[in-house]
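Residue numbers (UniProt numbering): 1 to 501.
So this is what it looks like as C-alpha cells:
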C-alpha cells in the first residue's frame, strides 16, 4: 500500500483526462460528418462528445496542480488505463445513437477499433449511420499510431517529458528514434502517418471510391485495422482491381517500420534497404504470395467461368491479387477481406492461420509477434548449434551488423514464451466458454495478434456477434494485451509491480 501511495496519481488522472479531451474532439468531428450526411444521429454523437469532454476537462482541472514527473510505473498505468478509458468513452457514440445497443457489444467494437484488430459484431454494416461508421474508423486511426504517442506530442505544452510513456507504448525492439527528443519523434511519426492517409484517400477517390469510403478505408489501412464501410469488406470492389492494388500498397507501407519511411523521405535509401527486418519482410511477403498464388490458381475456385486464353491470364491476375492481398492483410494484421480464404483449400486455411503469428515490422502499426523478434530468435537458435560445438566461443546474435545485447535476446525469448502461453490460455478459455476447437483456435490467434478474421465460425465472411458475452469480454482482453505487447498490461497483474521499492 505504501508503494501505491507513492504513485503520482494526479499525473495519471491528468493525462487520462487529456486523452478524453482528445477523444471528444474526434467525436465532435464524427458528429459533423453525421450532420453533413444527415443520417439522423448527429445530436447523439455530439452529446457523447460533450460528456466525454466534460469528464476529461474536469479530471484535468482537478489535477492541474500535479507533480510533473512520470516514472516507469506511472507510464505503464497511463498506457494501460489510457487504452481502457478511451475504449469505455468510445462506446458512447454507439450507445447514445443506438447503433450498437448493450455495453458488451459496444465495448467489444470499440476495443477492436482502438487496438486495430478489426473484429466486428456488426452483421449489416451498410445500415449503420455514416457518422457512426466514421467514428468506428477514427478509433482505428487513433489506435494505429497510438493514443499515447499523440499525448506525447502534446506533453511539451504541459511541461512534461514523455520518455517513460514511449517505452511503455513500444516495449519491443525497433525503438529507433528520429530525433533525440521523444516529443519531436512523435510529431514526425504523426506527420508521416497523416501524409500517408491523405495520399491513399486521394488515390482511392481517383480509382473510383466515394470520398466517404476512401477516407474510411485509408484510416483503416494505415492503422492496419480492417474496419470497412461495406458488408463484403474490400471484396465489394473485386471488379475494380486498381482499388485493391492501392490498398495492397498501403498495407505494405503500414506494416513497415515508420522510421524507415522517414529515412526514405530524407533520401537515405541505404538505411532502408540495409535494414535486416525490412529485407526479410519483403522476402516473406514475396515467397508467401507466390505460394498462395500458385495454390489459388491450380486448386481454388475464384469464380471464372471460361478458360480461354484471355481468361487464363485473367485467372492468373486474380489469383495473384487475392493471394498477395490475403498474405499482406494477415501479415500486417490489417484484416481486410477480398475473399473467403477458408473455402480455397485446407492447406491455405492452415497457411494463413500460421501467418497470424508472424506480424509486421517493429515500429509499424501492425500487431503480432513482429518479424524482428522471429529473426533474432532464429539467429539465436542457429548460434546454439555453434555454441554446442564451441562452448568457449563468444558468438553474439547480430542484427543490422551489430551485436544484440543478451538482455534483449532474453526479453524476446521471454516475450515469445509469454505470447504462446497467452495464446494457449486464450484457446482454453474460449473452449470453456462454448466455442468449438477450430473457432477457439482461430479466435485466440486473431484477437491476440490483432488480425480480425479468424477460422471456423469467426471466418472472413462471419463476425464475432455470435460469441457469448463472456467470450466477447475475454476477446477484448486478448486484443488489449496483444496491442500493448503483453508486458505493459500483464506487469500490472504481478505483485512485485505494486511492491514497495
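Using N, Cα and C, we set each Cβ at its ideal position, and we do this for glycine too.
Does the Cβ-Cβ distance between residue i and residue j come in under 7 angstroms?
{"i": "residue 283", "j": "residue 272", "result": "no"}
{"i": "residue 133", "j": "residue 224", "result": "no"}
{"i": "residue 337", "j": "residue 235", "result": "yes"}
{"i": "residue 361", "j": "residue 281", "result": "yes"}
{"i": "residue 59", "j": "residue 17", "result": "yes"}
{"i": "residue 483", "j": "residue 115", "result": "yes"}
{"i": "residue 376", "j": "residue 417", "result": "no"}
{"i": "residue 429", "j": "residue 474", "result": "yes"}
{"i": "residue 85", "j": "residue 110", "result": "no"}
{"i": "residue 221", "j": "residue 251", "result": "yes"}
{"i": "residue 485", "j": "residue 372", "result": "no"}
{"i": "residue 254", "j": "residue 365", "result": "yes"}
{"i": "residue 296", "j": "residue 322", "result": "yes"}
{"i": "residue 248", "j": "residue 207", "result": "no"}
{"i": "residue 52", "j": "residue 479", "result": "no"}
{"i": "residue 141", "j": "residue 209", "result": "no"}
{"i": "residue 143", "j": "residue 41", "result": "no"}
{"i": "residue 137", "j": "residue 216", "result": "yes"}
{"i": "residue 439", "j": "residue 456", "result": "yes"}
Apply the 10 Å Cβ neighbour rule to residue i and answer buried if 16 or more other Cβ atoms are within range, or exposed otherwise.
{"i": "residue 407", "result": "exposed"}
{"i": "residue 370", "result": "buried"}
{"i": "residue 309", "result": "Here residue 309 scores only 44 on pLDDT, less than 50, and its place in the model should not be relied on; the value that follows carries that caveat. With fewer than 16 other Cβ atoms within 10 Å, it is exposed."}
{"i": "residue 33", "result": "buried"}
{"i": "residue 495", "result": "exposed"}
{"i": "residue 93", "result": "buried"}
{"i": "residue 390", "result": "exposed"}
{"i": "residue 397", "result": "buried"}
{"i": "residue 101", "result": "exposed"}
{"i": "residue 135", "result": "buried"}
{"i": "residue 242", "result": "exposed"}
{"i": "residue 275", "result": "buried"}
{"i": "residue 129", "result": "buried"}
{"i": "residue 8", "result": "buried"}
{"i": "residue 164", "result": "Legend: pLDDT at residue 164 = 47, less than 50; position of this residue unreliable, value from coordinates given subsequently. The residue in question, residue 164, is buried, as its Cβ has 16 or more Cβ neighbours within 10 Å."}
{"i": "residue 287", "result": "exposed"}
{"i": "residue 304", "result": "Bear in mind that a pLDDT of 46 at residue 304, under 50, signals an unreliable position, so the number given afterwards is only what the model happens to contain. Counting Cβ neighbours within 10 Å, residue 304 comes out exposed, since fewer than 16 surround it."}
{"i": "residue 346", "result": "exposed"}
{"i": "residue 83", "result": "buried"}
{"i": "residue 385", "result": "exposed"}
{"i": "residue 269", "result": "exposed"}
{"i": "residue 106", "result": "buried"}
{"i": "residue 432", "result": "exposed"}
{"i": "residue 75", "result": "buried"}
{"i": "residue 306", "result": "Reliability fails at residue 306, whose pLDDT of 40 lies under 50, so the model's placement of it is uncertain and the value that follows must be treated cautiously. The residue is exposed, with fewer than 16 neighbouring Cβ atoms inside 10 Å."}
Determine the closest residue to residue i out of the options, with distance taken between C-alpha atoms.
{"i": "residue 21", "options": "10, 339, 36 and 57", "result": "57"}
{"i": "residue 469", "options": "189, 42, 30 and 121", "result": "121"}
{"i": "residue 257", "options": "63, 193, 96 and 415", "result": "193"}
{"i": "residue 447", "options": "367, 388 and 416", "result": "367"}
{"i": "residue 238", "options": "202, 356, 320 and 129", "result": "320"}
{"i": "residue 353", "options": "124, 331, 365 and 396", "result": "331"}
{"i": "residue 231", "options": "347, 213, 88 and 356", "result": "213"}
{"i": "residue 139", "options": "227, 449, 436 and 476", "result": "227"}
{"i": "residue 146", "options": "297, 87, 97 and 444", "result": "87"}
{"i": "residue 374", "options": "387, 392 and 355", "result": "355"}
{"i": "residue 420", "options": "14, 339 and 481", "result": "481"}
{"i": "residue 28", "options": "41, 37, 46 and 19", "result": "46"}
{"i": "residue 289", "options": "313, 279 and 324", "result": "324"}
{"i": "residue 476", "options": "15, 300, 50 and 112", "result": "112"}
{"i": "residue 358", "options": "267, 403, 457 and 451", "result": "451"}
{"i": "residue 400", "options": "379, 78 and 410", "result": "379"}
Looking at the strands, I want to know which residues DSSP matches up with residue i.
{"i": "residue 399", "result": "402"}
At a Cβ threshold of 7 angstroms, is residue i touching chain B?
{"i": "residue 190", "result": "Note that chain B does not occur in the displayed structure, where there is just one protein chain."}
_Runs of alpha helix (DSSP H) wholly within the segment 114-149 (minimum 4 residues, chain order)_ = 130-145
_Whole alpha helix (DSSP H) elements within the segment 180-205, 4-residue minimum_ = none
_Going residue by residue through the segment 13-74, where are the continuous alpha helix (DSSP H) segments of at least 4 residues, counting only ones entirely within it?_
42-62
*Could you name each continuous beta strand (DSSP E) segment of 3 residues or more that falls completely within the segment 429-472, going from the start of the chain to the end?*
none
_Complete runs of the alpha helix (DSSP H) confined to the segment 211-297 [at least 4 residues]_ = 211-222, 241-254, 258-265 and 269-273
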